């Protein structure tokens, strides 16, 4: 039985939103804009999403899509990996976790964190990020140049939405 056209369109829109979210996430971690992200960045992304993978699991997952054997994946490979972890129920739970994480860093309850604090968070998540990588990521997130990141910008950074 074929779903009604409105249902099909809704499913396509949802898939497009997920793809857009993944593309933004991928681009944020592809700091050299070479079209690839390394295994360590993939680990950081999934840790941020609440999916902690040990080295063995990560290697097994990346090996399936790292056709060159260089410890890196392109966007298509990243999407293939991410599709196993993305679920609608997980998205709602992840949003709640991110709200709580934001509140922890917004100690004064101003509704924003400074880009300096965000750099510290990102550096703690991925100790291989260089200062240049961090600056590049911050410039993509703090699009208005205010030196602060509000919850919406934080959510967009973490989820691409």
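Residue numbers (the UniProt record's numbering): 1 to 161. From the three backbone atoms N, C-alpha and C, an ideal C-beta is built for every residue, glycine too. Note that the structure is predicted; figures quoted are calculated from it, not measured.
At which residues does the alpha helix (DSSP H) containing residue i begin and terminate?
{"i": "residue 148", "result": "First-last for residue 148: 148–150, but that is the beta strand (DSSP E), not the alpha helix (DSSP H)."}
{"i": "residue 212", "result": "Because the chain is modelled from 1 through 161, residue 212 falls outside the range shown and cannot be assessed."}
{"i": "residue 137", "result": "131–141"}
Terminal residues of the continuous beta strand (DSSP E) containing residue i?
{"i": "residue 162", "result": "Because the chain in this structure spans residues 1 to 161, residue 162 falls outside the shown range and cannot be described."}
Spatial neighbours of residue i within its chain, please: C-beta separation below 7 Å, excluding the five flanking residues on both sides.
{"i": "residue 4", "result": "Model confidence at residue 4 stands at a pLDDT of 46, short of 50, so the residue's coordinates are unreliable; what they give is reported in the following sentence. Hits under 7 Å: none found."}
Quick check: what's the CA-CA separation for residue i versus residue j?
{"i": "residue 30", "j": "residue 137", "result": "9 Å"}
{"i": "residue 141", "j": "residue 58", "result": "27 Å"}
{"i": "residue 15", "j": "residue 23", "result": "12 Å"}
{"i": "residue 2", "j": "residue 110", "result": "Low local confidence applies: a pLDDT of 41 at residue 2 is under 50, so the model's placement there is unreliable, with the coordinate-based value given in what follows. The alpha-carbon atoms of residue 2 and residue 110 are separated by roughly 49 Å."}
{"i": "residue 40", "j": "residue 108", "result": "33 Å"}
{"i": "residue 157", "j": "residue 19", "result": "15 Å"}
{"i": "residue 98", "j": "residue 34", "result": "29 Å"}
{"i": "residue 149", "j": "residue 70", "result": "34 Å"}
{"i": "residue 21", "j": "residue 48", "result": "14 Å"}
Shorter than 7 Å from the beta carbon of residue i to some beta carbon of chain C?
{"i": "residue 114", "result": "The question asks about chain C, but that chain is absent: this structure has only one protein chain."}
Give me the residue from the options with the minimum Cα distance to residue i.
{"i": "residue 116", "options": "81, 156, 145", "result": "145"}
{"i": "residue 32", "options": "132, 148, 149", "result": "132"}
Excluding the 5 residues preceding and the 5 following residue i in the sequence, name in chain order all residues of the same chain whose CB lies nearer than 6 Å to its CB.
{"i": "residue 102", "result": "151, 154"}
{"i": "residue 42", "result": "none"}
{"i": "residue 78", "result": "26"}
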